[in-house]
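Number of protein chains: 2
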Amino acid sequence: MTIKDIAKLCNTSVATVSRVINDDPKVADATRQKVLDVIKEQKFVPNITGRNLRTQKSKKILVLLPTMDNQFYTRILQGIDDKAGEVGYDVLVAITNQDEAQESKYLDMLRMKTVDGCISFFNTLSHEKISNLAKDYPFVQCCEPTLNANVSSVVVNNRQAIYETCVEFIQAGHKRIAMISGNYYKYSEQLRENGYKEALKENGIEVDEDLIIKNFYRYKDGSDAAKKFMKLKNPPTAIICVSDSIALGAISELKNLGKVVGKDVKVIGFDNTAITEYYYPTISSIAQPRYDLGREAFKLLLEKLEDNTSSYKQIILPHRIVHRESTKPSL
Amino acid sequence: MTIKDIAKLCNTSVATVSRVINDDPKVADATRQKVLDVIKEQKFVPNITGRNLRTQKSKKILVLLPTMDNQFYTRILQGIDDKAGEVGYDVLVAITNQDEAQESKYLDMLRMKTVDGCISFFNTLSHEKISNLAKDYPFVQCCEPTLNANVSSVVVNNRQAIYETCVEFIQAGHKRIAMISGNYYKYSEQLRENGYKEALKENGIEVDEDLIIKNFYRYKDGSDAAKKFMKLKNPPTAIICVSDSIALGAISELKNLGKVVGKDVKVIGFDNTAITEYYYPTISSIAQPRYDLGREAFKLLLEKLEDNTSSYKQIILPHRIVHRESTKPSL
DNA sequence: GTGAAAGCGCTAACAG
DNA sequence: CTGTTAGCGCTTTCAC
Numbered sequence: 001m002t003i004k005d006i007a008k009l010c011n012t013s014v015a016t017v018s019r020v021i022n023d024d025p026k027v028a029d030a031t032r033q034k035v036l037d038v039i040k041e042q043k044f045v046p047n048i049t050g051r052n053l054r055t056q057k058s059k060k061i062l063v064l065l066p067t068m069d070n071q072f073y074t075r076i077l078q079g080i081d082d083k084a085g086e087v088g089y090d091v092l093v094a095i096t097n098q099d100e101a102q103e104s105k106y107l108d109m110l111r112m113k114t115v116d117g118c119i120s121f122f123n124t125l126s127h128e129k130i131s132n133l134a135k136d137y138p139f140v141q142c143c144e145p146t147l148n149a150n151v152s153s154v155v156v157n158n159r160q161a162i163y164e165t166c167v168e169f170i171q172a173g174h175k176r177i178a179m180i181s182g183n184y185y186k187y188s189e190q191l192r193e194n195g196y197k198e199a200l201k202e203n204g205i206e207v208d209e210d211l212i213i214k215n216f217y218r219y220k221d222g223s224d225a226a227k228k229f230m231k232l233k234n235p236p237t238a239i240i241c242v243s244d245s246i247a248l249g250a251i252s253e254l255k256n257l258g259k260v261v262g263k264d265v266k267v268i269g270f271d272n273t274a275i276t277e278y279y280y281p282t283i284s285s286i287a288q289p290r291y292d293l294g295r296e297a298f299k300l301l302l303e304k305l306e307d308n309t310s311s312y313k314q315i316i317l318p319h320r321i322v323h324r325e326s327t328k329p330s331l
Numbered sequence: 001m002t003i004k005d006i007a008k009l010c011n012t013s014v015a016t017v018s019r020v021i022n023d024d025p026k027v028a029d030a031t032r033q034k035v036l037d038v039i040k041e042q043k044f045v046p047n048i049t050g051r052n053l054r055t056q057k058s059k060k061i062l063v064l065l066p067t068m069d070n071q072f073y074t075r076i077l078q079g080i081d082d083k084a085g086e087v088g089y090d091v092l093v094a095i096t097n098q099d100e101a102q103e104s105k106y107l108d109m110l111r112m113k114t115v116d117g118c119i120s121f122f123n124t125l126s127h128e129k130i131s132n133l134a135k136d137y138p139f140v141q142c143c144e145p146t147l148n149a150n151v152s153s154v155v156v157n158n159r160q161a162i163y164e165t166c167v168e169f170i171q172a173g174h175k176r177i178a179m180i181s182g183n184y185y186k187y188s189e190q191l192r193e194n195g196y197k198e199a200l201k202e203n204g205i206e207v208d209e210d211l212i213i214k215n216f217y218r219y220k221d222g223s224d225a226a227k228k229f230m231k232l233k234n235p236p237t238a239i240i241c242v243s244d245s246i247a248l249g250a251i252s253e254l255k256n257l258g259k260v261v262g263k264d265v266k267v268i269g270f271d272n273t274a275i276t277e278y279y280y281p282t283i284s285s286i287a288q289p290r291y292d293l294g295r296e297a298f299k300l301l302l303e304k305l306e307d308n309t310s311s312y313k314q315i316i317l318p319h320r321i322v323h324r325e326s327t328k329p330s331l
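Here is the structure:
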């Protein structure tokens, strides 16, 4: 069943049927209705491959992830997928392992026209290269934009999120507040560290470099850091972590050391992944609106897909501090 | 850059270029080499849309999941995606929410030729319908095959896995062994329950229906069940769970009740998801080879994709019992 | 071994 | 408002 068959059944031409399918207003109401009736009756669905060949589009987008080993991404992907599905786009996912060669290989898919656009969660490329890429192809960055690049992006206010969290601790009387940051997602980490330091400074607390540890995002990194903190003469009473996995490791180690987490030491993570509700104690965390991050990222991409000369923009979505047992009772 | 341009540069015809691209042996070695050289030099990649239109294939497959709310699937999807990518297939994922209407809608994509085949992780349809579907279209079931349906599938030996686990407990001296099963994945649950009951019977232990609870796969279901078990006059000393989330809930509740999990009560989960290593105590679990399940599922589908009249088959992949703190010291 | 040409299903320019 | 037609890039007869 093709457009031609429908045309025949309607005593009209393929052009008219095509117009109806594509909502072209230049079709008489009677004709349109007739065509629509036949389409419905025949359960006709236009062949996408034919259309794509003709329009020179793939109707596919690429999502570039640095790793799949992060619970954080699944929900974002759903947001992208749902929104993309609504307007007929397929979503391809690729993992770069933060390797520039792999990243470039996948980005070639844009040049090859294998995909029409790309949403990227991590780039090793320079801001000039990213800017150039975004000038030539629909491209959006999510969560980890490249500094100074001219490109659309969607993020949460990382600095503000940690700033607020830190101020909450300070107002609850904490003087020794530690931070476990990372050496991986440079952009967000930097901002989160800034938020931490600014909150301390603005409240007359000196930044103690012994209370800042940077490593990776593994469970073990969290427990190692907690161990080091607790060996200090003047250990922290609150620990802010840039991920839930780190918080988990830290809490686990604190428990081993006989501390009652939530009472003796407060701990908060980041991303509000499922694990936060399952652990004992349940883990406080800073939530990013993951599904919406995905949807908004695709919406930004769609603007570019429809007209790549449209101006780029950055969207900031609201975060939310979720308090669970690891910061209770009180802060 | 198209096949035509390449032909021109080679002083040959599009037909010959196409033959080279498709490894047609009927091309003179010299010609072939010339064409290959030019293709490499030009970094030419054939347009997939053109090919798909001509061959009437979409080169896409559909993966049908009952829910995305299960850590278990991500790794399987990677296995599918990797293998599919190797042979030029794109993977689309859809969620059915175990709703027959939604399932049917997505399966229509086969009839519409939107996708060339489907790997399904859950079906509500009757075995006749599934058999018919598989007769007409490349179709493979993974993890939860429909009983009595004529269709290719890949699974682990669910009965055997629980049987072995249960026998281990019995040999370690346990007499009161409980099982928390489910009301969702009927196929695997039934087999797992069978394995449990057979192990008991074969070892002269009477099956006590009070020690079998069926509900869903949530954390809370596990804790509720554990609470009930512990109220029994003669509570269990070992609990087998059909998922890690259930095991997590059960363990959490046991801890609340003052039990030392691993010592007072042994608990084992199923699927060996990441959470098992993060919790305290770490959770023993029965591992399925998730990545391989995905790869094998795609391989089965590929056989059907290449020739749908090829006979269907079932592949059984090995499971593995992973002991962690929740079943230690000893069993 | 090779080339010319048809045609997959669709959109869009053009003519009317 | 509607129809005719070219052509997107590719594979595959068919003829040589």
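Which chain is which? The protein sequence lines are A and B, in order.
For the first sequence, the working numbering begins at 1 and goes up steadily by one.
For the second sequence, the working numbering begins at 1 and goes up steadily by one.
Built from N, CA and C at the ideal position, the CB exists for glycine as well.
Below 8 Å on the Cβ atoms is my contact criterion, and I expect residue i with residue j to pass it. Report the Cβ-Cβ distance as a whole number of Å.
i	j	result
I76(A)	G262(A)	I76(A) to G262(A), Cβ: 29 Å. No contact.
G195(B)	C166(B)	7 Å
N157(B)	G182(B)	No, N157(B) and G182(B) are not in contact; Cβ-Cβ is about 18 Å, not under 8 Å.
T114(A)	E103(A)	Actually they are not in contact, since the Cβ atoms of T114(A) and E103(A) sit about 15 Å apart, beyond 8 Å.
A225(B)	A199(B)	Incorrect: roughly 19 Å between the Cβ atoms, too far for contact.
H323(B)	A161(B)	In fact, because the Cβ distance is near 14 Å, the residues do not count as touching under 8 Å.
D116(B)	K59(B)	7 Å
S18(B)	I39(B)	Not quite, the Cβ-Cβ distance comes to about 12 Å (not below 8 Å), so this is no contact.
I315(B)	V154(B)	4 Å
V91(A)	A84(A)	5 Å
CA-CA distance, residue i and residue j?
i	j	result
D108(A)	Y73(B)	29 Å
L65(A)	S120(A)	7 Å
A238(B)	F139(A)	54 Å
H127(B)	A274(A)	35 Å
I321(A)	C241(A)	13 Å
S326(B)	K135(A)	55 Å
E86(B)	L254(A)	46 Å
I6(B)	N272(A)	53 Å
M68(A)	K105(A)	18 Å
Y312(B)	N150(B)	7 Å
V33(A)	S310(A)	First, the amino acid is wrong: residue 33(A) is Gln here, not Val. Each residue's Cα considered, the two are about 36 Å apart.
V63(B)	K299(B)	14 Å
L191(A)	D292(A)	21 Å
R111(A)	V45(B)	11 Å
K197(B)	E164(B)	11 Å
C118(A)	D81(B)	18 Å
D264(A)	Y280(B)	19 Å
Quick one: what's residue i bridged to in DSSP?
i	result
A7(B)	According to DSSP, A7(B) bridges with nothing at all.
F270(B)	I286(B)
F139(A)	C118(A)
S215(A)	Correcting the residue type first, residue 215(A) is Asn in the shown sequence and not Ser. Beta-bridge pairing links N215(A) to G182(A).
Q314(B)	S153(B)
L53(A)	Per DSSP, none; premise fails for L53(A).
K60(A)	D90(A)
V265(B)	V261(B)
V35(B)	In the DSSP output, where bridge partners are listed per residue, V35(B) has none listed.
V322(B)	S285(B)
I177(A)	A238(A)
L65(A)	I95(A)
### Query
Within the chosen definition, does the region 297-307 of chain A reach the region 264-273 of chain A through at least 3 CB pairs nearer than 8 Å?
no
### Task
Check whether the region 213-226 of chain B touches the region 236-248 of chain B, taking contact to mean three or more Cβ pairs, one atom from each stretch, closer than 8 Å.
yes
### Query
What are the start and end residues of each continuous beta strand (DSSP E) run of 3 or more residues lying completely inside the region 83-128 of chain A, in chain order?
90-95 and 117-120
### Query
Within the chosen definition, does the region 43-51 of chain A reach the region 45-54 of chain B through at least 3 CB pairs nearer than 8 Å?
yes
### Message
Three or more C-beta pairs under 8 Å: does that hold for the region 4-20 of chain B against the region 177-193 of chain A?
### Response
no
### Task
Run through the region 198-254 of chain B for me and flag every whole beta strand (DSSP E) of 3 or more residues, listed as ranges in chain order.
212-215 and 238-241
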